[in-house]
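Working notes for the structure below.
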Amino acid sequence: KKITTILCYPWAKSGSVYSTPATITTIAPYAFRVCMNLKKIVVNEGVTSIAERGFYNSYASSVILPATLQSIGMYGFGYCLYLSSITFAGKTEPFMAEYVFDTNIATKTVYLPNASNGFTAGNWGTGVTLRYGLLPADVHTVIFDSQGGSAIPNGLYFTGAIIPQPENPVLSGYNFAGWYKEKTLINQWNFGVNTMPDADLTLYARWLLTTSTNNISDSRYKIYSQAGTIIIEGLDYGDKFNINSVNGSL
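Given below as structure tokens:
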């Protein structure tokens, strides 16, 4: 069963950068209260609501909010005394209840990379500067290139952050076989180990043909698509077989 709500982040857990898992849609009340070690928090794409006091009295200095965010409850970021940088990926403001940023001491900059106007600085607290079309120096974009498969949303992450593994894309006639750092599909991305570099990143999907698209039953053979090329491993000279169709191109 998928976990869709963060109920309580361990307040004394080590680590200064955290990204919510890709399955999360809701931040519960007091979920990040008094998290002393967290300095940078990525609320991942897919989250639609931050409940009342979701980040109340958090020690975070920088937060990334997703384009999918629709609402922030009362005191959602209340008494976040060190919060100085907010990056919001959406084009229009989410609904904000009263006192969302009440009693924030730090002077805040709100970065709006995908918006050009229409935001109200006062909704984000006092002493706020809105920066349209810009990102902080330590925030970069991850692009998921599914190479013909279903679309996976891009995301914004801090340098050094762990990128949560998204749901697998789908492509008719193929099995998904992971994300790779290069279009040539040499080095696979390890979502539990690899971290966001200090630059934008593109990850490429690898696809393996399903057995239903060919009549190779011998276990010696392996057939798959790599960077637009059909590759067959295990062939000997004189071997013969028939491929009727590969995504309509053969």
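The sequence shown begins at 317 in the numbering used here and counts up one residue at a time.
We put the CB at the ideal spot given by N, CA and C, even for glycine.
Check                                                                                                                      : Outcome
Cβ-Cβ distance between L323 and A344 below 8 Å                                                                             : yes
For G494, three-class secondary structure by DSSP                                                                          : strand
One or two residues paired with A521 in a DSSP bridge                                                                      : W495
For G471, the three-state DSSP class (helix, strand or coil)                                                               : strand
Sub-8 Å separation of T321 and T336 beta-carbons                                                                           : no
C-beta atoms of T511 and L451 nearer than 8 Å                                                                              : no
Contact belief for R447 with Y427 at Cβ below 8 Å, rounded distance in angstroms                                           : 5 Å
Of the residues S387, L385, V416, the one placed nearest C396, counting alpha carbons only                                 : V416
Own chain, CB closer than 7 Å to V444, minus 5 neighbours either side, in chain order                                      : K424, V426, A437
Beta-carbon contacts of K356 that lie in its chain and below 6 Å, excluding the five residues immediately before and after : V333, S378, F474
Same chain, Cβ closer than 8 Å to N433, five either side skipped, listed in chain order                                    : Y448
Alpha-carbon to alpha-carbon, L525 and E409                                                                                : 43 Å
Proximity below 8 Å, CB of F492 to CB of G465                                                                              : yes
6 Å CB neighbourhood of N373 in its chain, flanking five on each side removed                                              : R349, V350, Y395
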